[in-house]
Amino acid sequence: MAGTITFTMIKPDAFSDGNSGSIIKMIEEAGFQLKAMKLTRLSDRKASQFYAVHKERPFFNDLVKYMSSGPIVAIVLEKDNAVEDFRKLIGATNPAEAAEGTIRKLFAKSIEANAIHGSDSDENAKIESSFFFSNLEIFHID
Ligand code: ATP
Ligand code: MG
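The numbering used here puts the last residue of the sequence shown at 300; the count rises by one with no breaks.
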């Protein structure tokens with residue numbers, strides 16, 4: 159059975175453009191419940207750890223620089239079929255290919271500065287949530 163938890167970040171471009179409120183509204187209207195949320199900023203080291211899976215990719219250094227360039231909002235979300243439904247809501251990685259009405263279509267600037275992150279599996283949703291929140295049990299997430 160698909161899991162009920164996913165993890166997202168409002169990325170530095172969307173945060174600095176003042177789009178956090180609009181994005182959170184879209185997330186809630188799509189039926190996701192906010193379980194834990196934090197305004198924070200990634201160091202270079204933390205951004206490298208978070209995206210370690212991409213470390214051999216040509217865009218890795220730029221990605222780390224971009225993700226540590228300003229504040230982000232880290233959020234744990236709950237909904238049935240959370241991971242898949244959230245990936246649908248955010249749209250394709252490249253906003254030029256993102257479907258109409260998706261968060262990336264509306265707010266992303268480029269394939270790199272693409273406004274929002276979404277976990278790609280139930281397993282990664284847990285790992286990524288734990289990366290930002292050490293006290294998930296107080297939010298009744300296990
Ligand atoms: P995310 O993991 O942030 O939700 P994603 O799963 O849609 O995005 P990934 O393939 O995991 O896409 O890439 C991680 C991030 O790396 C992208 O969201 C984007 O910011 C950046 N990225 C991906 N591909 C490129 C590329 N070709 N050029 C520049 N940046 C890229
Ligand atoms: Mg990804």
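Cβ atoms here follow ideal geometry from the backbone N, Cα and C, with glycine treated the same way.
Supposed close pair residue i, residue j - CB separation, criterion 8 Å
{"i": "Ser287", "j": "Phe208", "result": "Contact flag wrong, Cβ pair sits at about 12 Å."}
{"i": "Glu236", "j": "Lys193", "result": "5 Å"}
{"i": "Val234", "j": "Phe291", "result": "6 Å"}
{"i": "Ile248", "j": "Met167", "result": "Their Cβ separation, rounded to whole angstroms, is 11 Å, which puts Ile248 and Met167 out of contact at 8 Å."}
{"i": "Ser180", "j": "Ala205", "result": "Their Cβ separation, rounded to whole angstroms, is 24 Å, which puts Ser180 and Ala205 out of contact at 8 Å."}
Outcome for residue i when other beta-carbon atoms lying within 10 angstroms are tallied against a minimum of 16
{"i": "Thr260", "result": "buried"}
{"i": "Val211", "result": "exposed"}
{"i": "Leu159", "result": "In the sequence on display, residue 159 carries Met and not Leu. With fewer than 16 other Cβ atoms within 10 Å, it is exposed."}
{"i": "Gly189", "result": "exposed"}
{"i": "Lys213", "result": "exposed"}
Boundaries of the alpha helix (DSSP H) in which residue i is found, first to last residue
{"i": "Leu197", "result": "Counting along the chain, Leu197 falls outside any alpha helix (DSSP H), though it belongs to the beta strand (DSSP E) covering Gln191 to Thr198."}
{"i": "Met159", "result": "No alpha helix (DSSP H) contains Met159, which DSSP labels as neither H nor E."}
{"i": "Asn293", "result": "Run containing Asn293: none; DSSP gives neither H nor E here."}
Run of the beta strand (DSSP E) containing residue i, from where it starts to where it stops
{"i": "Gly276", "result": "Ile274 to Gly276"}
As an exercise, report each continuous beta strand (DSSP E) stretch of at least 3 residues that is fully enclosed by the segment 201-237, in chain order.
230-236
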